[in-house]
Amino acid sequence: MDDTTKPPTILRQISMHSVMRLLVQGARSRSDLARETGLSKQTISDVMRTLEDLGWVRNIGTRAGGMGRSAVLYEVERRAGMVLGMDIGASRFRIELCDMLGGSLASQEMRTEHLRGDRLLYDILDYSRKVIAECGKGRVLRFACLATPGVVHPGTGHLTRVSALPSLSGIDLAGALEQGLGCTTLVENDMNAAILGERWRGTARDMEDVAYVGLGTGVGQGLIVGGRLWRGATGAAGEVANLPIGADSLEPESLARGTLERVLGMPQILQSYALPAGRAASLAAFTHALEAQDAAAQEVLERIGGLSAQLVLSIQAMLDPQAVVMGGMLGLVPGVVEKTRDHLARRSPRPVRLLSAGLGLRSTVMGASYLALTGMYNQVFTPQLESRSLDQPWPLPSVEPVSAPSVVTQ
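Heads up: the sequence shown runs through residues 999 to 1408, numbered per the numbering used here.
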């Protein structure tokens, strides 16, 4: 692929944009594209010739069956490059390397404790480059996205309120990643990425108004409003840790850590289970105790359900979403979603749809991959007059893509 070619005119970009938005959904003939875009057959022929020359699409043969002249089919060239989604959290670092349609090239993770706190950025880059070298199959890395706890300022891109990963706070994180990876890189809040992952390939597919609640080391929320990610004026939409739920919001600990997070964060929950009887303060021990119907564990589960229900009802009252998706290491413990539903049924005069995250603990890294894909497509194919944003939604395949069947090889 020749990336030094002179950029197309804006009108040609508009046509290429329209065509690519259809091709990412599946193979089509030039007649299909002309009919669905409203562009002339000559324009479609010119666009397809340009896209083929640039290496973005490929001819996959002719459509089998039917009457009349066989139609040549085109699809996105999945080998035209790759994108990288990354998820760094208090306990895990996950990577998803994808082709041009979101097909997985590599899916790996490691414990964050194996990364050096004072050299966290360098270790993220080293590990990512190793995966790219081993699994990228010679493809060009075109875009990357790192999802992380904290607030990403929309103006500077700097990360704040990231107590779990202090070495990443206050630096030009996106710039450092771009320099280290050699491609445009976005930095996004982990809960924002999680709701995008669930909307793309999880339990919130195609929902226009939906929220994600993550219960883990911290407590967070991601929001889709009107089909678009809602970040807020300063990038802090969904920072629910400070909601005055579960404790006195004026106490110093509440002001320092967040009222809700100090009682619903996983470390506090596990300590409340373990300390009274000298048990192990681990998620595995707590989960095992729940499975054994341990009375102390059941009491803690009841408290989780009550606090979570208050959080969900706050979201419901303000946003009226189609559903709330619950995830995170604590949110996915068996029984948490069910107990929260029980509390919602007792506290709410109208039904609240609460779903468990379909992607499990991979919601965030898949959302980062989705942002990398949409960022790449917008960077390349969004007309210059509309290029102010790299997160315009694209109709990417909601399942692992396969090449179009029913073709006759030429």
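For glycine and all other residues, C-beta sits at the position ideal for the given N, C-alpha and C.
Reference residue i; option with closest CA among the options
{"i": "threonine 1372", "options": "Glu1300, Cys1143, Glu1111", "result": "Cys1143"}
{"i": "serine 1089", "options": "Leu1071, Pro1147, Gly1303, Ser1354", "result": "Pro1147"}
{"i": "serine 1068", "options": "Leu1352, Asp1030, Ala1272, Met1046", "result": "Asp1030"}
{"i": "serine 1027", "options": "Asp1085, Val1074, His1015", "result": "Val1074"}
{"i": "valine 1238", "options": "Arg1226, Ser1252, Gly1225", "result": "Ser1252"}
{"i": "arginine 1423", "options": "Val1150, Gly1155, Glu1094", "result": "Beyond the ends of the chain as shown, which are 999 and 1408, falls residue 1423; an answer cannot be given."}
{"i": "leucine 1049", "options": "Leu1258, Ser1013, Arg1033", "result": "Ser1013"}
{"i": "arginine 1360", "options": "Leu1317, Met1084, Ser1346, Leu1071", "result": "Met1084"}
{"i": "proline 1274", "options": "Val1298, Gly1218, His1286", "result": "Val1298"}
{"i": "glycine 1358", "options": "Arg1092, Thr1041, Met1080, Arg1061", "result": "Arg1092"}
{"i": "tyrosine 1409", "options": "Val1363, Met1364, Pro1391, Thr1362", "result": "With the chain covering 999 to 1408 only, the question about residue 1409 has no answer from this structure."}
{"i": "glycine 1326", "options": "Ser1165, Ala1295, Gly1214, Gln1219", "result": "Gly1214"}
{"i": "arginine 1351", "options": "Thr1285, Met1098, His1286, Val1211", "result": "Val1211"}
{"i": "arginine 1061", "options": "Tyr1072, Ala1145, Ala1294, Leu1184", "result": "Tyr1072"}
{"i": "isoleucine 1267", "options": "Asp1207, Ala1295, Arg1047, Leu1248", "result": "Ala1295"}
{"i": "serine 1165", "options": "Ser1270, Gly1087, Gly1276", "result": "Gly1087"}
{"i": "aspartate 1207", "options": "Leu1099, Gln1269, Gly1224", "result": "Gly1224"}
{"i": "glycine 1100", "options": "Ala1145, Arg1137, Met1080", "result": "Met1080"}
{"i": "leucine 1258", "options": "Val1217, Leu1052, Ser1270, Arg1277", "result": "Val1217"}
{"i": "methionine 1098", "options": "Leu1309, Gly1053, Glu1111, Arg1277", "result": "Gly1053"}
{"i": "alanine 1254", "options": "Val1310, Val1160, Leu1037, Tyr1368", "result": "Val1160"}
{"i": "leucine 1309", "options": "Leu1248, Tyr1368, Ala1209, Leu1281", "result": "Ala1209"}
Residue environment, residue i, which counts as buried when at least 16 other CB atoms sit within 10 Å
{"i": "isoleucine 1169", "result": "exposed"}
{"i": "valine 1397", "result": "exposed"}
{"i": "threonine 1380", "result": "buried"}
{"i": "isoleucine 1008", "result": "exposed"}
{"i": "glutamine 1177", "result": "exposed"}
{"i": "proline 1393", "result": "exposed"}
{"i": "aspartate 1246", "result": "exposed"}
{"i": "threonine 1412", "result": "Given a span of 999 to 1408 for the chain in the structure shown, any question on residue 1412 remains unanswerable."}
{"i": "threonine 1201", "result": "buried"}
{"i": "glycine 1244", "result": "buried"}
{"i": "methionine 1316", "result": "exposed"}
{"i": "alanine 1355", "result": "buried"}
{"i": "alanine 1186", "result": "The residue you asked about is not alanine; residue 1186 is glutamate in the sequence shown. So glutamate 1186 ends up on the buried side."}
{"i": "serine 1385", "result": "Here the model assigns serine 1385 a pLDDT of 48, short of 50, so the residue's position is not dependable, and the following value carries that caveat. Serine 1385 comes out exposed."}
{"i": "threonine 1154", "result": "exposed"}
{"i": "arginine 1199", "result": "buried"}
{"i": "arginine 1197", "result": "buried"}
{"i": "histidine 1156", "result": "buried"}
{"i": "glutamine 1219", "result": "buried"}
{"i": "threonine 1183", "result": "buried"}
{"i": "alanine 1231", "result": "exposed"}
{"i": "methionine 1353", "result": "The sequence given here has leucine at residue 1353, not methionine. Its Cβ being crowded by 16 or more others within 10 Å, leucine 1353 is buried."}
{"i": "glycine 1236", "result": "buried"}
Residue i versus residue j: straight-line alpha-carbon distance, rounded
{"i": "proline 1152", "j": "isoleucine 1193", "result": "19 angstroms"}
{"i": "alanine 1366", "j": "alanine 1290", "result": "37 angstroms"}
{"i": "cysteine 1096", "j": "methionine 1018", "result": "18 angstroms"}
{"i": "proline 1250", "j": "glycine 1256", "result": "10 angstroms"}
{"i": "tryptophan 1228", "j": "isoleucine 1222", "result": "6 angstroms"}
{"i": "alanine 1272", "j": "alanine 1279", "result": "5 angstroms"}
{"i": "glycine 1134", "j": "leucine 1082", "result": "10 angstroms"}
{"i": "alanine 1321", "j": "glutamine 1314", "result": "9 angstroms"}
{"i": "alanine 1370", "j": "leucine 1241", "result": "31 angstroms"}
{"i": "methionine 1189", "j": "isoleucine 1122", "result": "20 angstroms"}
{"i": "lysine 1039", "j": "valine 1363", "result": "40 angstroms"}
{"i": "proline 1347", "j": "histidine 1341", "result": "12 angstroms"}
{"i": "leucine 1171", "j": "valine 1150", "result": "10 angstroms"}
{"i": "alanine 1307", "j": "arginine 1339", "result": "7 angstroms"}
{"i": "glycine 1195", "j": "methionine 1324", "result": "13 angstroms"}
{"i": "leucine 1021", "j": "alanine 1283", "result": "49 angstroms"}
{"i": "serine 1312", "j": "histidine 1015", "result": "40 angstroms"}
{"i": "isoleucine 1234", "j": "glutamine 1011", "result": "The sequence shown places alanine at residue 1234, not isoleucine. The alpha-carbon atoms of alanine 1234 and glutamine 1011 are separated by roughly 34 angstroms."}
{"i": "tyrosine 1125", "j": "valine 1070", "result": "42 angstroms"}
{"i": "arginine 1109", "j": "alanine 1131", "result": "21 angstroms"}
{"i": "alanine 1410", "j": "alanine 1032", "result": "What the structure shows of the chain is the stretch from 999 to 1408, and residue 1410 is not part of that stretch, so it cannot be assessed."}
{"i": "alanine 1078", "j": "arginine 1203", "result": "27 angstroms"}
{"i": "valine 1378", "j": "arginine 1140", "result": "10 angstroms"}
{"i": "alanine 1343", "j": "proline 1349", "result": "7 angstroms"}
{"i": "glutamine 1408", "j": "aspartate 1318", "result": "Note that glutamine 1408 has pLDDT 31, beneath the 50 cutoff, so the model's placement of it is unreliable and no number is given."}
{"i": "alanine 1145", "j": "aspartate 1051", "result": "34 angstroms"}
{"i": "proline 1395", "j": "cysteine 1181", "result": "23 angstroms"}
{"i": "methionine 1205", "j": "aspartate 1044", "result": "36 angstroms"}
{"i": "histidine 1112", "j": "isoleucine 1042", "result": "52 angstroms"}
Any non-hydrogen atom of the ligand FMN closer than 7 angstroms to residue i Cβ
{"i": "valine 1070", "result": "As presented, the structure is devoid of all ligands, the ligand FMN included, so that no description of it is given."}
With a threshold of 8 angstroms, are at least 3 pairs of Cβ atoms found where one atom belongs to the stretch 1102-1117 and the other to the stretch 1052-1060?
Segment contact: the stretch 1102-1117 against the stretch 1052-1060, fewer than three CB-CB distances shorter than 8 angstroms; contact not assigned.
In chain order, which continuous runs of the beta strand (DSSP E) of length 3 or greater are located wholly inside the stretch 1016-1099?
You should have 1055-1061, 1070-1074, 1080-1086, 1090-1096.
As an exercise, report each continuous beta strand (DSSP E) stretch of at least 3 residues that is fully enclosed by the stretch 1115-1175, in chain order.
Whole beta strand (DSSP E) segments, 3+ residues: 1139-1146.
Which runs of the alpha helix (DSSP H) fall wholly inside the stretch 1241-1309 and span at least 4 residues, in chain order?
Complete alpha helix (DSSP H) runs here, min 4: 1250-1255, 1257-1262, 1264-1272, 1281-1289.
Examine the Cβ distances between the stretch 1177-1189 and the stretch 1275-1293 and report whether three or more of them are shorter than 8 angstroms.
At 8 angstroms Cβ cutoff, the stretches do not touch.
Three or more C-beta pairs closer than 8 angstroms, one from the stretch 1256-1266 and one from the stretch 1295-1313: is that the case here?
The stretch 1256-1266 vs the stretch 1295-1313: in contact.
Any contact of the stretch 1326-1343 with the stretch 1103-1110, i.e. 3+ C-beta pairs under 8 angstroms?
Look at the beta carbons and you see the stretch 1326-1343 not touching the stretch 1103-1110: under three pairs across the two are nearer than 8 angstroms.
In chain order, each beta strand (DSSP E) run of at least 3 residues that lies wholly inside the stretch 1182-1237:
Correct list: 1182-1187, 1208-1213, 1217-1223.
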